[in-house]
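So in my numbering, spot 20 of the sequence shown is number 32, and the numbers just go up one at a time.
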Amino acid sequence: MSDLRFSCTCGALTGHLMDASPRAGAHAICHCEDCRRTLAYYNIPLAADEGVGLFQTNPDNIRIDTGRRYLGLMRLSPRGLFRWYASCCNTPLFNSSTRPRFPFSSVLTRNMIDTDPLGPVVGQVFKRGPNGKTRHEGMGRLVAGMMLRTGSALVTGKWRQTPFFNVETGEPVATPVIAPRDAGRAGS
Numbered sequence: 013m014s015d016l017r018f019s020c021t022c023g024a025l026t027g028h029l030m031d032a033s034p035r036a037g038a039h040a041i042c043h044c045e046d047c048r049r050t051l052a053y054y055n056i057p058l059a060a061d062e063g064v065g066l067f068q069t070n071p072d073n074i075r076i077d078t079g080r081r082y083l084g085l086m087r088l089s090p091r092g093l094f095r096w097y098a099s100c101c102n103t104p105l106f107n108s109s110t111r112p113r114f115p116f117s118s119v120l121t122r123n124m125i126d127t128d129p130l131g132p133v134v135g136q137v138f139k140r141g142p143n144g145k146t147r148h149e150g151m152g153r154l155v156a157g158m159m160l161r162t163g164s165a166l167v168t169g170k171w172r173q174t175p176f177f178n179v180e181t182g183e184p185v186a187t188p189v190i191a192p193r194d195a196g197r198a199g200s
């Protein structure tokens, strides 16, 4: 296992994923409308059948080395997932739960130089089939792994090691910005 470096597009915000390996999380591809909208919101094009590469892991595995002041927070709706980005160049970086006691996060793999240490993709979710219906591949493995990792972090207290929240107050380290309702949608 080794640390895997990531950075925003301009390089002002850098960090690393500690002990990057299949044991630390799950390599997945998400095709959901919200993940695709997030990239579109930041003007990152995706092909119609392309998903968003993610590594699901706990926040205690994520370290921000430089540019912490650039860590911004966006939501697609007032109740939506936290979507963290580098405000210096509008690079989407992470997704997380909205509270520290649910220690779930995913790192967008597009910001990593090498994803080989993460292992193969073990799941694809919300993938459109030929009939237009969405289907999931490996969903059981993704959910089971997430539950085991989050449960372990709660029991061991590692949920307190997060770059995303002030654990004393439960507040995110950045003020959430709610994206306009039509943000990232076709024609907007």
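Beta carbons: idealized from backbone N, C-alpha and C, even for Gly.
**Report entry** Bridge partner(s) assigned by DSSP for I76
**Finding:** G27
Is the region 16-36 touching the region 72-82 in the sense that three or more CB pairs, one from each, lie closer than 8 angstroms?
-> yes
Please state the DSSP three-state secondary structure of E183.
strand
- prompt: Opposite V119 in the DSSP bridges: which residues?
  reply: F67 and F106
**Asked** From P90 to T110, what does the alpha carbon distance come to, in whole angstroms?
**Response** 11 angstroms
- request: Have a look at G144, D15 and K139 and flag the residue whose alpha-carbon is nearest the alpha-carbon of I150.
  value: Sequence check: residue 150 is Gly here, not Ile. When only C-alpha atoms are compared, the closest one is K139.
Taking buried to mean at least 16 other C-beta atoms within 10 Å of its own C-beta, is C22 buried or exposed?
exposed
*Where S200 and N55 are concerned, what is the direct C-alpha to C-alpha distance, given to the nearest angstrom?*
Because the pLDDT at S200 is just 48, under 50, the model does not fix this residue reliably, and the value given afterwards should be weighed accordingly. If you take the alpha carbons of S200 and N55, they lie about 11 angstroms apart.
Next on the checklist: Between which two residues does the beta strand (DSSP E) holding A60 run?
Outcome noted: No beta strand (DSSP E) holds A60; DSSP gives it neither H nor E.
| request: Name the two residues that bound the continuous beta strand (DSSP E) containing A40. | output: G37 to C42
Note to self: Please return the same chain residues whose Cβ sits closer than 7 angstroms to the Cβ of R122, not counting the five positions on each side in sequence.
What the structure shows: G65
Q) Residues in its own chain within less than 6 angstroms of T26 by CB, not counting five upstream and five downstream? A) S19, D77 and T78
Where D128 falls: helix, strand or coil (DSSP)
helix
Requested in this report: Helix, strand or coil for P90, going by three-state DSSP, please let me know.
Outcome: coil
Runs of beta strand (DSSP E) lying entirely within the region 130-181, each at least 3 residues, in chain order = 135-140 and 146-149
**Prompt:** For N107, which residues of its own chain have a beta-carbon under 6 angstroms away from its beta-carbon, when the five flanking residues on both sides are left out?
**Reply:** L93, R95 and S118
(Q) Which same chain residues end up closer than 8 angstroms to G131 when comparing Cβ atoms and leaving out the 5 residues on each side of it in sequence? (A) S33, P34 and H39
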